[in-house]
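So the protein lines, in turn, are chains A and B. Heads up: the first sequence begins at 217 in this note's numbering, then just goes up one per residue. Heads up: the second sequence begins at 217 in this note's numbering, then just goes up one per residue. C-beta: ideal position from N, C-alpha, C; glycine also. A quick note: this is a predicted structure, and the numbers were derived from the prediction, not measured.
Number of protein chains: 2
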Amino acid sequence: MKTPAPRETILSLFRQTPDGFVSGERISDELGVSRTAVWKHIRNLRQAGYQIEAIPSRGYQLQQSPDVLMPEAIQSGLECQLVGSRIISLDEADSTNLQACRLGDEGADDGLVVIADRQSSGKGRMGRQWESPGGVNLYASILLRPPVLPFEAPKLTFLSAVAVCRAIKNCTGLQPTVKWPNDILLNGAKVAGLLNEMSSETDQVHYVVLGIGVNLNMRAEQFPDDLRYPATSLAIASGKAVSRLAFTRSLLQELDALYQVYLEEGSAPIFTAWTELCELTGKRVQVDCNNLLIEGKMVGLGGDGALLVRTSAGKIESIYAGDVLPL
Amino acid sequence: MKTPAPRETILSLFRQTPDGFVSGERISDELGVSRTAVWKHIRNLRQAGYQIEAIPSRGYQLQQSPDVLMPEAIQSGLECQLVGSRIISLDEADSTNLQACRLGDEGADDGLVVIADRQSSGKGRMGRQWESPGGVNLYASILLRPPVLPFEAPKLTFLSAVAVCRAIKNCTGLQPTVKWPNDILLNGAKVAGLLNEMSSETDQVHYVVLGIGVNLNMRAEQFPDDLRYPATSLAIASGKAVSRLAFTRSLLQELDALYQVYLEEGSAPIFTAWTELCELTGKRVQVDCNNLLIEGKMVGLGGDGALLVRTSAGKIESIYAGDVLPL
């Protein structure tokens, strides 16, 4: 058996005492190290975000743990059949999608989840940047190996969107909306973004990575000035901090449940749920398709995931890429 | 400037003399090394496949160069607009597709070609093995970044197929046929296979890798016993050895020309060419689609690359994955 790290041993000692007090002597005995070494470990824990007070004659007291996303904490009691079969939680990643793709190339199992506290090169659609400060948000990538043809896989973007909306509703009571193809909005401002990537051969999907970035507790001053769209976070929109752990667990469970539906019934129920979450459904829209402007009424999603717009001439246009705005 | 390797210097000396004779003294002077060192370099060149004779009082004579695929030799005078913009030629690769995908992930330019003399883990479709002995065949992967949506990209398999058929015709005079989705046949036996892979996000292709394996000079005894289908090589079918260099150059030029057509006119002309190369066009076929058997007349390719089969009930079935056999 692997010996636990000193940090894990100390945290475990705190958890075992009802009042959270542990004497320095006790820690020193358990670890078999000097009191000076104990003090250094406590200092390291404080630097990692643990609020630990030293009360003379009683010892150390753990008053608050940081909202860290440890795999064991996420997985404990998680009700998932597949998603989260393995969870990797990193302090920092270039991008969780890149990490998940690398692991996918190396043969990682279906259901793997990669989470990072912060991203140094967070990716949005079309090579855009995704602002990814540490300690406040969720950056997660889920690796799936769906037994479908490559042209089916992009439809999973809508699955991510519905799962994120449900997790937001579960954790805040707020009802988000979706914006085609891959944004989640609260009060018209972007609160989450999706970036699905795929590796495939002609008639087989190697893997799909569902990349999900959700602004949880990000503060207004943490957003860059030059954002293309107004942005928000769950904390800004709801007025209170959201537990990253609770949100992550809720999201993985919603993703897992929807993926089981997808595997059994296909994308139709997902598309129905997405269309109901889309504020523009039934409204007049203008779509900028690479400088070709299409105007009409948004009627929903086609079987292939295209945005369907009925023009004034009565023709239904299928749109596969573009920016949609209300008219 | 980089100093050329001794080997390159010696080969360059041979090329500069009309009769191919170079004295050991001359080589020794040029390289600034002893006659013993020169002799060792000559021995290494012989081991690499160069036929070099030592004639007393005249020196060394290069009588024949091995059929190696050096980037400079392939590129010299190559008539391509994009394909082969950069060529990497490896003695061995796990798989040229894997190498090209890795380079694609790192941002390699459109048109990159990766060639390997042999592959240690040559890949066929659906994770099958592709027999890849050294010195006799062509294993090449072409990286393209087509400005199309992900569901368009699998159509490029047909482009590879047509290009391989044309290169075979150019170099041997033999007329191959194509088998849906990705095989090239000579006299009913498999002579080449294609494995296209893609990395994409929902509405953007990162890159496509066209993997091409062609059995050029492989001998009958080099094929494994347990092949799923009868296999052949250009040398077996034509009765004479094929220059790997000439074939590679022809293939890259055909690929480049067809890719220009694809970018300008779309896949329709490629599909027409492919359908004409397919022996089963207009014939009765049976398609095994994951244990669902479909019988009917093969009528061609749909706009999305599906195999179109007209059943006896008159219905046209679009087939996206399966094994096709004549009835």
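Taking the beta strand (DSSP E) that Arg-577/B falls in, what are its first and last residues?
With chain B covering 217 to 543 only, the question about residue 577/B has no answer from this structure.
Taking buried to mean at least 16 other C-beta atoms within 10 Å of its own C-beta, is Ser-388/A buried or exposed?
Contrary to the premise, residue 388/A reads as Thr rather than Ser in this sequence. By the 10 Å Cβ count, Thr-388/A comes out buried.
Beta strand (DSSP E) segment containing Gln-420/B, residue limits:
First-last of the beta strand (DSSP E) with Gln-420/B: 420 to 430.
Report yes if the C-beta distance between Asn-353/A and Ser-466/A is below 8 angstroms; otherwise report no.
Result no, Cβ atoms of Asn-353/A and Ser-466/A do not sit closer than 8 angstroms.
Which one of Phe-367/A, Leu-294/A and Tyr-445/A has the shortest CA to CA distance from Gly-463/A?
Note on identity: in this sequence residue 463/A is Phe, with Gly being the wrong assignment. When only C-alpha atoms are compared, the closest one is Leu-294/A.
Between Leu-411/A and chain B, is there a C-beta pair that is closer than 8 angstroms?
Interface criterion met: the Cβ of Leu-411/A is under 8 angstroms from a Cβ in chain B.
What is the DSSP secondary structure of Cys-505/B, counted as helix, strand or coil?
Three-state result, Cys-505/B: strand.
Cβ-based neighbour list, Cys-381/A, same chain, cut-off 7 angstroms, excluding 5 preceding and 5 following
So the list reads Pro-392, Val-394, Ile-400 and Leu-493, once near-sequence residues are dropped.
Compute the beta-carbon to beta-carbon distance between Ala-369/B and Pro-362/B, rounded to the nearest angstrom, for a pair I have assumed lies under 8 angstroms.
Cβ atoms of Ala-369/B and Pro-362/B come within 8 angstroms of each other, at about 6 angstroms.
Work out the CA separation of Val-329/B and Ser-281/A for me, nearest whole Å.
The C-alpha of Val-329/B is placed about 53 angstroms away from the C-alpha of Ser-281/A.
Compare the Cα-Cα distances from Val-501/A to each of Val-515/A, Cys-317/A and Ser-336/A and report the closest residue.
Val-501/A has its Cα closest to that of Val-515/A, out of Val-515/A, Cys-317/A and Ser-336/A.
CB of Leu-524/A within 8 angstroms of CB of Phe-487/A, strictly:
In this structure, Phe-487/A does not lie closer than 8 angstroms to Leu-524/A by Cβ.
State the Cα-Cα distance for the pair Tyr-536/A and Asp-419/B, rounded to the nearest angstrom.
Roughly 7 angstroms between the two C-alpha positions.
Is the beta carbon of Ser-323/B less than 8 angstroms from the beta carbon of Leu-298/B?
Note on residue identity: the sequence assigns Gly, not Ser, to residue 323/B. In this structure, Leu-298/B does not lie closer than 8 angstroms to Gly-323/B by Cβ.
Take every Cβ of the stretch 334 to 346 of chain B, pair it with every Cβ of the stretch 341 to 350 of chain A, and state whether three or more of those distances are shorter than 8 angstroms.
Between the stretch 334 to 346 of chain B and the stretch 341 to 350 of chain A, the count of Cβ pairs shorter than 8 angstroms is below three; the stretches do not touch.
According to DSSP, residues forming a beta bridge with Leu-402/B
According to DSSP, Leu-402/B bridges with Ala-405/B.
Quick check: Val-424/A and Leu-372/A, are their CB atoms within less than 8 angstroms of each other?
Annotated as proximal: Val-424/A and Leu-372/A, with beta-carbon spacing under 8 angstroms.
If you run the structure through DSSP and keep just helix, strand and coil, what is Asp-325/B?
In the structure shown, Asp-325/B falls within a coil segment according to DSSP collapsed to helix, strand and coil.
Any contact between the stretch 428 to 439 of chain B and the stretch 448 to 455 of chain B? By contact I mean 3 or more CB pairs, one from each, below 8 angstroms.
Cβ pair count under 8 angstroms is three or more, so yes.
Counted within 10 angstroms of its Cβ, other Cβ atoms place Tyr-445/A as buried (16 or more) or exposed:
Exposed: under 16 other Cβ atoms inside 10 Å.
Sequence ranges, alpha helix (DSSP H) only - wholly within the stretch 280 to 308 of chain B, length at least 4
Listed in chain order, they are 287 to 291.
Among the residues of its own chain, which have a CB less than 7 angstroms from the CB of Ser-305/A, if the five just before and after it don't count?
Around Ser-305/A: Leu-285, Met-286, Pro-287 and Ile-331.
Can the beta-carbon of Val-249/A be found less than 8 angstroms from the beta-carbon of Tyr-276/A?
Using a Cβ distance threshold of 8 angstroms, Val-249/A and Tyr-276/A do not count as a contacting pair.
For Pro-542/B, which residues in chain A fall below 9 angstroms Cβ to Cβ?
In chain order: nothing, as chain A lies at least about 20 angstroms away.
Beta-carbon separation (whole angstroms), Leu-461/B vs Ala-309/B, contact threshold 8 angstroms
About 18 angstroms separates the CB atoms of Leu-461/B and Ala-309/B; that is not less than 8 angstroms, and the two are not in contact.
Span of the beta strand (DSSP E) holding Tyr-355/B?
Unbroken beta strand (DSSP E) run through Tyr-355/B: 354 to 360.
Identify, in the order they occur along the chain, each residue of the same chain with its Cβ nearer than 8 angstroms to the Cβ of Asn-403/A, setting aside the five sequence neighbours on each side.
Correct list, in chain order: Thr-448 and Ala-453.
Are there 16 or more other CB atoms within 10 angstroms of the CB of Ile-226/A, so buried, or fewer, so exposed?
It is buried - the Cβ of Ile-226/A has at least 16 other Cβ atoms within 10 Å.
Close beta carbons around Pro-222/A, own chain, < 6 angstroms, minus the five adjacent residues each side
Correct list, in chain order: Leu-247 and His-257.
Inter-residue Cα distance where the pair is Pro-272/B and Arg-334/B
Computed Cα separation, rounded: 37 angstroms.
Status (buried if at least 16 other CB within 10 Å, exposed otherwise) for Glu-481/B
With fewer than 16 Cβ atoms within 10 Å of its Cβ, Glu-481/B is classed as exposed.
Under DSSP, the alpha helix (DSSP H) around Asp-245/B begins and ends at which residues?
In the DSSP assignment, Asp-245/B falls within the alpha helix (DSSP H) that extends over 240 to 247.
Do you know offhand how far Pro-234/B's Cα is from Glu-417/B's?
One C-alpha to the other measures close to 56 angstroms.
Tell me the rounded alpha-carbon separation between Ser-311/B and Gly-240/A.
One C-alpha to the other measures close to 57 angstroms.
By Cβ distance below 8 angstroms, which residues in the same chain neighbour Val-477/B in space, the five residues on each side in sequence not counted?
Excluding residues up to 5 positions away in sequence, Pro-485 and Ile-486 lie with their Cβ nearer than 8 angstroms to the Cβ of Val-477/B in the same chain.
With 16 other Cβ atoms within 10 Å as the buried cut-off, status of Lys-406/B:
Within 10 angstroms of the beta-carbon of Lys-406/B lie 16 or more other beta-carbons, which makes it buried.
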